[in-house]
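*Asks:*
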Amino acid sequence: MDGQLIQMEFPVKGGNFGGAGDAASKIKNILKQLGIRYEIIKRVAIASYEAEMNIVAHAAEGTIVVEINPNAVVVAAKDKGPGIPDIDLAMKEGFSTASQQIREMGFGAGMGLPNIKKATDDMTIKTEVGVGTELTFKIFLTDNREETLK
Amino acid sequence: MNRAGNSGYYHSVRLEEEKCQGCTHCIRTCPTEAIRVRNGKAKIIDERCIDCGECIRTCPNSAKITTTDPLDSIKTFKYKVAIPAPSFSGQFSRKYMLDKALFGFMLLGFDEVMEVAFGASIMAKAITQYLHDHGAELPRPMISSACPAVVRLIQVKFPGLVGNIIPLESPMEITARYARRKIAEMQGIPDSDIGVFFITPCPAKVTAVKQPVAAETSAVNGVISMTEMVNQIKKHFSSLRSLEELQKAPGMGIGWGRRDGEVESVDIPNKMAVDGIQHVSKLLEKIEAGGFRNIRFIEAQACVGGCVGGVLTVENPFLAKLKVDLVSDAVDKANDGLAEKVYTEFKESDFLFSQEIQPRPILTLDADVGKAMEKLKKIDEIHAELPGIDCGACGCPNCRAFAADVVNGLASRMDCHFDLRERVTGLAQEIFALAKKLPHTMQEKGNPDETK
Ligand SMILES: Nc1ncnc2c1ncn2[C@@H]1O[C@H](COP(=O)(O)OP(=O)(O)O)[C@@H](O)[C@H]1O
Ligand code: SF4
Ligand code: SF4
Ligand SMILES: [Mg+2]
């Protein structure tokens, strides 16, 4: 059974926009090798990318921890950073505290968290101001989601 | 003859076994890791090869070749039409030389010549219109379908992006269809008597004709190497006339022969061009990860510099780009109007693919997710034990591909020379230890001091 669980960890550095998306890309490539449906891979890629970007754009440093089993992929993005004072506000489409400089690089549209929510089957945020944030999401790999939605 | 064998895939890129030295140069540059060296010879894996021609470029022994149709094959048709690729213009320095070259086709036995650059101008309008009309419901970015190597790269390595390929036919296909229709209408020649021959800059286009991805069959009957045609034409160059009326393509279509031609002629905001199969691969990787969503149109070409960089062209690609520019600037502006008029004779459905492009994933390890996971873990385990220097001596492009081959039963651990060496060392030590063991009946004849 152990053979059917894949765990990985990727360090992410705050402010490193050059390497941004590397972890998301690696997760995506593993799912391709596992033969997961493209629509699902797309959702995992979008959510992981945004979670990774939030560490890069808003925190000092962090890690992305991934767990894949035949039914689901669970991603936890943990960081040491400023934390989120008001989660409801942060979840609003278009809300962003990103600096002008970050916006000029094409990030900080305030769509990251709402898009993660949309792309995933489950999402939770634990955060403490001045300490850090842990965002976890889950995406089912099987067709279950489509069926349960009916 | 057909290399495709059991896989069912046609391939124009093939190996001349006698010439192959098993040197492993080609296995590293292949963008789909399609080559292995086995028993001292390169083997191309049919399911993986996209006929990009990269291995033809790298092979120091010219053992990789493109299979094209011989010029003689035009004789099987009563009415013979040559349709040279836009990059053909880059093989000649001046507009009058292109005119002469086009006349050269007549001298070599063709009844008519029609530039694919003409079809390219039509397709530029068709793509513009398509992106305009369907923009809202299309994924972003949309990727040009003009380069067959890129289309196949997407099918095998980025199957999730097949929906991003613009579902419109290539300039070659549209030129061939237009030529057939016009000749049948104007001259009353039955379709079966018309032979349309594409003059190709690359192996990918040969494959696109012999086994199209989005149609049952191609409107092109045969494909002749551009190198062969240019050489033949240049041989007769002094005796050729400069017949201006043969040159009908607008400058905009001629531009498709090199990088940026599509981007310059497709009238849509936020577009970009990428060339070189490795760059294209990297970009597709980013797109697959969700990037470039504010870009609407991507011109992607397997060859550096675009089609002038194809392996069957003659001129240096960078000089050919200059020549394309010189020729396209000198072309009669009136040609634009003709292309415009012909464009209106088509409906959108004439341009659309008649079949959907199917994904052909090569990266999936097993149809069962659980089994694929187990395989992936085994690959990681083996990979971690390998030296990781990607030496290629095992015949695989890199250590990771070797580990995958071992797990899939296509290679043996012993094929790794470093592994083998370690095992031989271990074995030697064992033999040495064994050799020192004496039967009890024998006395050790060592140093006399020791016997004391
Ligand atoms: N890991 C994090 N640490 C601190 N603040 C965060 C983090 N992730 C999100 N936020 C806050 O939530 C806001 C909204 O996030 P998001 O929707 O991803 O938009 P954006 O990143 O474009 O600003 C951010 O501007 C930021 O204030
Ligand atoms: S033609 Fe391209 S894909 Fe095919 S084996 Fe050669 S390098 Fe690889
Ligand atoms: S870029 Fe042009 S010449 Fe090169 S493979 Fe693609 S279609 Fe052929
Ligand atoms: Mg964000």
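Quick mapping for you: the protein sequence lines, in order, are chains A and B.
When we follow this note's numbering, the leftmost residue of the first sequence carries the number 7, and every step to the right adds one.
When we follow this note's numbering, the leftmost residue of the second sequence carries the number 472, and every step to the right adds one.
The beta-carbon is built from N, C-alpha and C at its ideal position, and this holds for glycine as well.
Predicted model only: the values in this text are computed from it and were never measured.
#1: What residues in its chain sit with their C-beta under 7 Å from that of residue 151(A), if we drop five residues either side in the sequence?
#2: Based on Cα-Cα distance, which residue from 850(B), 667(B), 821(B), 650(B) lies nearest to residue 544(B)?
#3: Report yes if the C-beta distance between residue 825(B) and residue 686(B) is below 7 Å; otherwise report no.
#4: For the segment 592 to 604 of chain B against the segment 721 to 740 of chain B, do three or more pairs of beta-carbon atoms, one drawn from each stretch, fall closer than 8 Å, so that the two count as touching?
#5: Between residue 754(B) and chain D, is there a C-beta pair that is closer than 7 Å?
#6: Could you spell out the range, first to last residue, of the alpha helix (DSSP H) harbouring residue 841(B)?
#7: What are the start and end residues of each continuous alpha helix (DSSP H) run of 4 or more residues lying completely inside the segment 505 to 551 of chain B, in chain order?
#8: Select from the segment 838 to 854 of chain B all residues with a C-beta closer than 7 Å to any C-beta belonging to chain A, and list them in chain order.
#9: Cα separation between residue 554(B) and residue 23(A)?
#10: So for residue 803(B), helix, strand or coil by DSSP?
#11: Whose C-alpha, out of 862(B), 857(B), 577(B), is nearest the C-alpha of residue 551(B)?
#12: Using a Cβ-Cβ cut-off of 7 Å, state whether residue 37(A) counts as contacting chain B.
#13: Assuming residue 548(B) and residue 692(B) make a contact with CB atoms under 8 Å, what is their CB distance in whole Å?
#14: In chain order, what residues of the same chain lie with their CB nearer than 8 Å to the CB of residue 154(A), ignoring the 5 residues before and after it?
#15: Which residues does DSSP pair with residue 140(A) in a beta bridge?
#16: With a CB to CB cut of under 7 Å and the five nearest residues on each side skipped, what residues in its chain are close to residue 863(B)?
#17: Using beta carbons (cut-off 7 Å, strictly below), is residue 479(B) in contact with chain A?
#18: Measuring CA to CA, which of 122(A), 124(A), 66(A), 99(A) is closest to residue 115(A)?
#19: Could you pull out every residue in the same chain whose Cβ sits closer than 8 Å to the Cβ of residue 697(B), ignoring the five residues on either side in sequence?
#20: Can you check which of these residues, 848(B), 861(B), 816(B), is closest to residue 650(B) by C-alpha distance?
#21: Taking residue 526(B) and residue 484(B) to be in contact with their CB atoms under 8 Å, please state how far apart those CB atoms are, rounded to whole angstroms.
#22: Show which residues of chain B have a CB atom less than 7 Å away from the CB atom of residue 10(A).
#23: Is there at least one Cβ from chain A nearer than 7 Å to residue 835(B)'s Cβ?
#24: Go ahead and label residue 519(B) buried or exposed: buried means 16 or more other beta carbons lie within 10 angstroms of its beta carbon, across all protein chains shown.
#25: May I ask whether a heavy atom of ligand 1 can be found less than 6 Å away from the beta carbon of residue 761(B)?
#26: Just mark residue 866(B) as buried or exposed, buried being the case when its beta carbon has 16 or more other beta carbons within 10 Å.
#27: If we count the other Cβ atoms within 10 Å of its Cβ and call it buried at 16 or more, is residue 777(B) buried or exposed?
#28: Among 623(B), 640(B), 624(B), which one has its Cα closest to the Cα of residue 601(B)?
#29: Does any residue of chain A bring its CB to less than 7 Å from the CB of residue 760(B)?
#30: How is residue 703(B) classed by DSSP in three states: helix, strand or coil?
#31: Residue 727(B): which of 772(B), 603(B), 683(B), 695(B) sits nearest, CA to CA?
#32: Does DSSP put residue 771(B) in a helix, in a strand, or in coil?
#33: Does chain A have any CB closer than 7 Å to the CB of residue 511(B)?
#34: Please name the residues in the segment 607 to 635 of chain B whose beta-carbon is closer than 7 Å to at least one beta-carbon of chain A, in chain order.
#35: Alpha carbon to alpha carbon, how far is residue 135(A) from residue 85(A)?
#36: On the three-pair Cβ rule with 8 Å, is the segment 803 to 818 of chain B touching the segment 840 to 856 of chain B?
*Replies:* So, to answer that:
#1: Residue placement at residue 151(A) cannot be trusted, given a pLDDT of 44 that sits under 50; the coordinates are not used to answer.
#2: 667(B)
#3: yes
#4: yes
#5: The question asks about chain D, but that chain is absent: this structure's protein chains are A and B.
#6: 840 to 856
#7: 525 to 529
#8: 838, 840, 841, 843, 844, 845, 847, 848
#9: 47 Å
#10: coil
#11: 577(B)
#12: no
#13: 7 Å
#14: With a pLDDT of only 42 at residue 154(A), under the threshold of 50, the placement of this residue in the model should not be trusted, and no figure is reported.
#15: 84(A), 132(A)
#16: 495, 498, 499
#17: no
#18: 99(A)
#19: 555, 556, 558, 559, 562, 670, 671, 672, 781, 783, 784, 785
#20: 816(B)
#21: About 7 Å; that satisfies the 8 Å criterion.
#22: Neighbours of residue 10(A) on chain B, chain order: 841, 844, 845.
#23: yes
#24: buried
#25: no
#26: buried
#27: buried
#28: 640(B)
#29: yes
#30: helix
#31: 772(B)
#32: The answer is strand: DSSP assigns residue 771(B) an E or B state.
#33: no
#34: Contact residues of the segment 607 to 635 of chain B toward chain A are 630, 631 (C-beta to C-beta distance below 7 Å).
#35: 12 Å
#36: no
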